[in-house]
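Mind the numbering: the sequence shown is residues 192 to 613 in our numbering, read in order. For reference, the structure discussed in these notes is given below.
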Amino acid sequence: MEKFIVHGGSSLSGNVNISGSKNASLPILAATLLTREQCTIRRVPDVADTNYMLQILQNLGAEVERASGNVVIKCEKLRSHEAPYDLVRKMRASVCVMGPLLARHNRANVSLPGGCVIGDRPIDLHLKGLEGLGAEVTVEGGNVNLEARFGLNGNTLDMAGKHGATVLGTDNVMMAAVLAKGKTVINGAACEPEVVDLADFLISMGAKIEGAGTPVIEIEGVTELGGVEHTVIPDRIEAGTFLVAGAMAAKDTITLRRVKHEHLTSVIEVLKQCGCEISTTDTTITISKAKNPVGANITTEPYPGFPTDMQAQMCSLFAVTPGLSVVRDTIFPQRFMHASEMKRMGADIEVDDGTAVIKGVEQLSAAPVMASDLRASAALVLSGLTAKGNTEISRVYHIDRGYEHIDDKLIDLGASIERVPD
Ligand code: EPZ
């Protein structure tokens with residue numbers, strides 16, 4: 192294992208290139224199962240999670256070639272319809288092979304994903320949607336077995352859950368419906384840009400989809416789909432993470448390149464409320480530290496609301512912002528592992544019932560801390576940038592799951608970070 196040593200007192204300046212979206216890449220890679228023809232997908236970030244997905248596809252029989260950010264996949268001869276526990280347990284998002292496998296084989300056998308530190312990760316809405324298309328679902332021995340002996344049939348489905356829409360659930364059902372007989376209407380669909388990117392990929396393969404990006408998606412089933420070339424959208428959460436780095440430690444400004452600011456409206460609005468100056472072009476966002484920083488109150492919501500994946504990073508900023516801030520996570524109320532680690536660094540954070548009340552302090556102090564989940568770990572790196580002393584963050588494999596060379600990118604901006612054996 193490796194750890195980061197983040198030297199405090201960083202002063203950032205310059206430009207950073209944002210990578211392709213991890214959360215768009217994962218379902219799009221799974222969608223290649225829907226055709227026997229070759230697909231080329233560009234800007235797939237080289238992170239652990241996309242590598243796990245490629246392993247799962249290879250395990251199913253896909254031919255995979257990867258050259259820098261480009262992935263060439265051909266699922267011509269699939270030898271299996273099973274995604275085994277030893278791969279699924281490593282990455283929950285592998286559940287999104289269920290829909291395409293059902294559509295391709297009329298059957299799928301996927302291990303139930305475990306929970307994770309951000310909270311319970313049920314897939315009941317996925318299964319309800321796929322049953323609505325005609326799949327028979329049985330759960331046995333920790334595996335979900337889905338079978339559609341007579342093929343899949345379009346239907347009108349309600350996919351919303353008590354925490355709102357499900358992103359991967361919407362993806363799974365959409366990928367099954369594109370080859371189902373007849374019309375499917377998904378009500379309560381997730382509206383995230385990553386869902387839209389998947390829909391765009393499927394449409395370019397020949398699928399008939401309308402309404403992606405809205406809560407109602409309509410799909411007319413077709414009989415087959417073809418191979419395509421596609422470039423994945425920029426990673427809005429990586430971008431948001433670097434915006435917070437700028438808000439905390441920019442000398443003057445930092446500029447994010449290859450980014451779509453329209454995917455970050457809610458994050459940009461909050462950072463402006465906190466006093467940051469932000470300017471945008473079609474492909475860049477420039478941010479400066481607030482001259483008179485103030486805290487804010489945020490509540491996470493499904494897109495276009497404030498993203499839960501940016502909640503931990505905002506806690507890092509608020510921990511050193513004068514005044515009181517309140518962060519409520521309605522999507523994953525338990526997603527506050529970062530708070531206990533930040534308290535070790537001197538942060539004044541009280542968490543109760545899915546809400547963190549944060550009283551800003553002048554400066555955090557370095558302490559050995561432990562990464563727990565992807566975004567909490569990134570938040571600890573952000574805290575280390577401005578803390579007094581050198582912060583050691585262990586288990587950085589959590590960060591490498593979803594951030595492409597975050598240490599190198601921060602070093603290029605002027606941070607001082609070492610990656611050393613733990
Ligand atoms: C996606 O996870 C993202 N992952 C997550 O990002 C993100 O936090 C999440 O959406 C919410 O935006 C990928 O896209 C690979 P959900 P997903 O189904 O689809 C409940 C990161 O840091 N729910 O939208 O698995 C669920 O418990 C990761 O990159 C059910 O109740 O999340 C949660 O409260 C972490 N039943 C809410 O819905 C279900 O069947 C939203 O979950 C499914 C979900």
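Just so it is clear, CB atoms sit at the ideal spot from N, CA and C, and this is done for glycine as well.
Since residue i and residue j should fall inside the 8 Å C-beta cutoff, what is the C-beta to C-beta distance between them, to a whole number of angstroms?
i    : j    : result
D426 : I232 : With a Cβ gap of about 14 Å, D426 and I232 do not count as contacting.
G418 : Q229 : 5 Å
L225 : M350 : About 20 Å; that fails the 8 Å criterion.
Q504 : G402 : Not a contact, Cβ separation roughly 31 Å.
V435 : I410 : Not quite, the Cβ-Cβ distance comes to about 37 Å (not below 8 Å), so this is no contact.
L217 : C287 : 6 Å
G551 : T512 : 4 Å
A441 : L203 : 5 Å
Going by the C-beta, is residue i closer than 7 Å to any heavy atom of ligand 1?
i    : result
R566 : yes
R283 : yes
P406 : no
A351 : no
E385 : yes
L348 : no
I522 : yes
A510 : no
D315 : yes
T499 : yes
G545 : no
V358 : yes
R312 : yes
A538 : no
L217 : yes
G593 : yes
N378 : no
A381 : yes
I428 : yes
I232 : no
H452 : no
I394 : no
N363 : no
I'd like to check one pair, residue j with residue i: are the Cβ atoms closer than 8 Å?
i    : j    : result
F509 : S457 : no
V358 : E383 : yes
Q246 : L269 : no
L447 : I428 : no
R535 : A558 : yes
V328 : L321 : yes
K265 : A274 : no
A215 : L393 : no
N334 : K372 : no
A239 : Y588 : yes
A604 : G205 : Position check: residue 604 holds Leu in this sequence, whereas Ala was assumed. Contact: yes.
V542 : F523 : no
A614 : C465 : Because the chain spans 192 through 613 in this model, residue 614 falls outside it and cannot be assessed.
I219 : V386 : no
Does chain D have any CB closer than 8 Å to the CB of residue i?
i    : result
F341 : The question asks about chain D, but that chain is absent: this structure has only one protein chain.
To which residues does DSSP link residue i through a beta bridge?
i    : result
I410 : T375 and I400
D543 : T546
M561 : S585
N363 : Paired residue(s): none; N363 is not in a bridge.
K194 : V611
K265 : Q229 and E254
R427 : Per DSSP, none; premise fails for R427.
N206 : T446
H421 : I232
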